[in-house]
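Q:
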Amino acid sequence: MKFSTSVLVAVLASVASATPIAKRQVKYLAHQVDAYELPGNSKREELLGFTNTGTRYTTDLELGSSKEKVKVMIDTASWRLNVPGPGAKCLDTEPCPTGSVFDPERSTTFHNSSIPQSSGYGRGTTKVTSFRVYDDVFFDNGDKIPQFQFDVANATSFELGWFGIRRYSQQDASYVYSAKKAGLINTAGYSLYLGNGDQSGTLLLGAVDSDKYEGDLAFFDNTDFEVEFDSVTTGNGQTIQIGSAIGLDSGDPEIRLNQNIVDAIYKEVGANKDGDAPCANVLNVNKSLKFALGGITVDVPYSDLFYRESSGSSTCGSYITNTYATQGDQNIGLPFVKQIYLASSFDSGTFGVAPVKHTDESNIVDFWF
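Residue numbering for the sequence shown is -18 to -1, 1 to 351, as defined by mature numbering (1 follows the signal peptide of the UniProt record, and there is no 0).
(1) Exposed or buried, Asp342, counting other C-beta atoms within 10 Å across all chains shown (16 or more means buried)?
(2) What residue range does the beta strand (DSSP E) around Cys78 cover?
(3) Who does Ile237 pair with in a DSSP beta bridge?
(4) Within its chain, find whatever has a CB closer than 6 angstroms to the CB of Tyr323; leave out the 5 residues flanking it on each side and keep chain order.
(5) What are the uninterrupted segments assigned as alpha helix (DSSP H) that are 4 or more residues long and contained completely in the segment 209 to 285, given in chain order?
(6) Go through the segment 150 to 187 residue by residue and report every complete run of the alpha helix (DSSP H) that reaches 4 residues or more, in order.
(7) Measure the alpha-carbon distance for Ser101 versus Pro86 and round it to whole angstroms.
(8) Where do the N-terminal and C-terminal ends of the beta strand (DSSP E) with Arg290 fall, by residue?
(9) What residue from Arg62, Asp42, Ser47 and Ser60 has the CA that sits closest to Lys53's CA?
(10) Could you give the DSSP three-state label for Asp191: helix, strand or coil?
(11) For Ile228, count the other beta carbons within 10 Å of its own beta carbon; 16 or more makes it buried, fewer makes it exposed. Which is it?
(12) Identify every residue that forms a DSSP beta bridge with Asn64.
(13) What's the gap between the Cα of Lys320 and the Cα of Ser89?
(14) Say whether the segment 296 to 313 touches the segment 131 to 150, bearing in mind that this needs 3 or more beta-carbon pairs closer than 8 angstroms, one atom from each stretch.
(15) Helix, strand or coil for Glu27? Go by DSSP, reduced to three states.
(16) Per DSSP, what kind of secondary structure is Glu44 in: helix, strand or coil?
(17) Could you name the residues of the same chain whose beta carbon sits closer than 6 angstroms to that of Lys109, not counting the 5 residues immediately before and after it, in chain order?
(18) Which residue's Cα is closest to the Cα of Asp348: Tyr301, Thr297, Thr169 and Ala253?
(19) Could you name the residues that DSSP lists as bridge partners for residue 368?
(20) Is there contact between the segment 261 to 278 and the segment 204 to 216, where contact requires at least three CB pairs shorter than 8 angstroms?
(21) Can you look up Glu87 in the DSSP assignment and give me helix, strand or coil?
(22) Pull up the distance between the alpha-carbon of Thr80 and that of Thr221, whole angstroms please.
(23) From Phe(-16) to Ile247, what does the alpha carbon distance come to, in whole angstroms?
(24) Where do the N-terminal and C-terminal ends of the beta strand (DSSP E) with Gly124 fall, by residue?
(25) Rounded to whole angstroms, what's the CA-CA distance from Glu236 to Gly315? Just pull it up for me.
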């Protein structure tokens, strides 16, 4: 199902097994999520340490009284919205893409606190310098989140604005909490489905789409998305114990694991120390990494973990790397997040994960956890 940029809807939902059976009016917000292919840029790779341009997932927000549409990248591992302002530089030195800039002068409801902000990511080489501001966020039917707190950047190491949706103690700067405060949703929480290929995904606030995952959700009592992973099994059947918490991060195009795990995967596919492998070993093969966590197994195909370095090349680069860029912390990025449905209740401090189900069917229900 495709949604318009932002829709506020109310439906009656009857929730099936493992969910409340009583009917309740479900108020939710739906944002369409689309894959965004990043252009090649050596400066970007130098700043962020990414091995390839790859794909990010974006949505459009309508900011200010002018309802200016601004494209932002969705990040489950951070908690603030920052968008480039007029004249801002993206990738520190490059003009920001069309449609990604917010112009405060076009809005009569804009307020600048003049408080400078500086945010660092990863090893600190990825930065955003900005000012804390307040303005209304609008939806297609005219509803709004009034005077939402976010940042307008004058320089950013990212390619677009950054939409952090993780739970945040400063509720005026949390998109989810602010939507509940405005009366637009009943439950402070969100769920994320990234779609499949040309099919758009959906970011739901205040609800869960129970048709978008297989089986039952595995629940974790931590809305910072630190998940205790049990093990990973390679395509050739080698099981490697993990036994530690790993962050889930939709803003990271890579999977960052301890060196011993990376070495085992590289060895299996015939990759060198940089992760370069023969494409014949990793593309068009029926193999995957199987991650075990919370009683469920999530398969990540090798074709999502490796990419052809150039057209016609027989060498493939890898989205699997060590933890250098995250200062020793293991981090699971987009190749894994694409294969799950993720639902997070801020009210209960619980989030759920299940293998994704790609379907046009939709069954929107209230949070039951």
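In this text, a Cβ means the ideal position worked out from N, Cα and C, and glycines have one as well.
A: Walking through what the data contain:
(1) Mapped onto the sequence shown, residue 342 falls at position 360. Here Asp342 is exposed. Its C-beta has fewer than 16 other C-beta atoms within 10 Å.
(2) In the sequence shown, residue 78 corresponds to position 96, counting from 1. Premise fails: Cys78 is in no beta strand (DSSP E) and is neither H nor E.
(3) Position 255 of the sequence shown holds residue 237. Ile237 pairs with Ile302 and Ile314.
(4) Counting from 1 along the sequence shown, the entry for residue 323 is found at position 341. Result list for Tyr323: Tyr175, Lys194, Tyr195, Ala336 and Val338, in chain order.
(5) Listed in chain order, they are 241 to 251 and 261 to 264.
(6) Counting only runs of 4 or more, we get 157 to 163.
(7) Position 119 of the sequence shown, counted from the start, is the residue given in the question as residue 101. Position 104 of the sequence shown, counted from the start, is the residue given in the question as residue 86. For Ser101 and Pro86, the distance between alpha carbons rounds to 21 angstroms.
(8) Locating residue 290 in the sequence shown gives position 308, where the first residue counts as 1. Residues Phe288 to Arg290.
(9) Counted from its first residue, the sequence shown places residue 53 at position 71. The option with the nearest alpha carbon to Lys53 is Asp42.
(10) As a working note, residue 191 is residue 209 in the sequence shown. In the structure shown, Asp191 falls within a strand segment according to DSSP collapsed to helix, strand and coil.
(11) Position 246 of the sequence shown, counted from the start, is the residue given in the question as residue 228. With 16 or more Cβ atoms within 10 Å of its Cβ, Ile228 is classed as buried.
(12) Here the question's residue 64 lines up with position 82 in the sequence shown. Asn64 is bridged to Asp133 and Trp144.
(13) Numbered from its first residue, the sequence shown carries residue 320 at position 338. Numbered from its first residue, the sequence shown carries residue 89 at position 107. Rounded to whole angstroms, the gap between the alpha carbons of Lys320 and Ser89 is 36 angstroms.
(14) The segment 296 to 313 is not in contact with the segment 131 to 150.
(15) Here residue 27 corresponds to residue number 45 of the sequence shown, with the count starting at 1. Any reading at Glu27 needs caution, since the residue's pLDDT is 44, under 50, leaving its predicted position unreliable; the model's value is listed next. Residue state, collapsed to three classes: helix.
(16) As a first step, residue 44 is located in the sequence shown; it is residue number 62 there, counting from the start. Residue state, collapsed to three classes: strand.
(17) As a first step, residue 109 must be located in the sequence shown, where it is residue number 127. Excluding residues up to 5 positions away in sequence, Gly102 and Ser139 lie with their Cβ nearer than 6 angstroms to the Cβ of Lys109 in the same chain.
(18) Here residue 348 refers to the residue found at position 366 when the sequence shown is read from its first residue. For Asp348, the nearest C-alpha among the options comes from Thr169.
(19) In this structure the chain extends from -18 to 351, so residue 368 is not present and cannot be described.
(20) At 8 angstroms Cβ cutoff, the stretches touch.
(21) Within the sequence shown, the letter at position 105 stands for residue 87. Secondary structure of Glu87 (DSSP, three-state): helix.
(22) Residue mapping note: residue 80 aligns to position 98 of the sequence shown, counting from 1. Residue mapping note: residue 221 aligns to position 239 of the sequence shown, counting from 1. If you draw a straight line from the Cα of Thr80 to the Cα of Thr221, it comes to about 46 angstroms.
(23) Within the sequence shown, residue -16 is the residue found at index 3, counting from 1. Within the sequence shown, residue 247 is the residue found at index 265, counting from 1. Legend: pLDDT at Phe(-16) = 32, less than 50; position of this residue unreliable, no value from coordinates given.
(24) Looking up residue 124 in the sequence shown gives position 142. It is not in any beta strand (DSSP E) - Gly124 carries neither H nor E in the DSSP assignment.
(25) Within the sequence shown, the letter at position 254 stands for residue 236. Within the sequence shown, the letter at position 333 stands for residue 315. If you draw a straight line from the Cα of Glu236 to the Cα of Gly315, it comes to about 5 angstroms.
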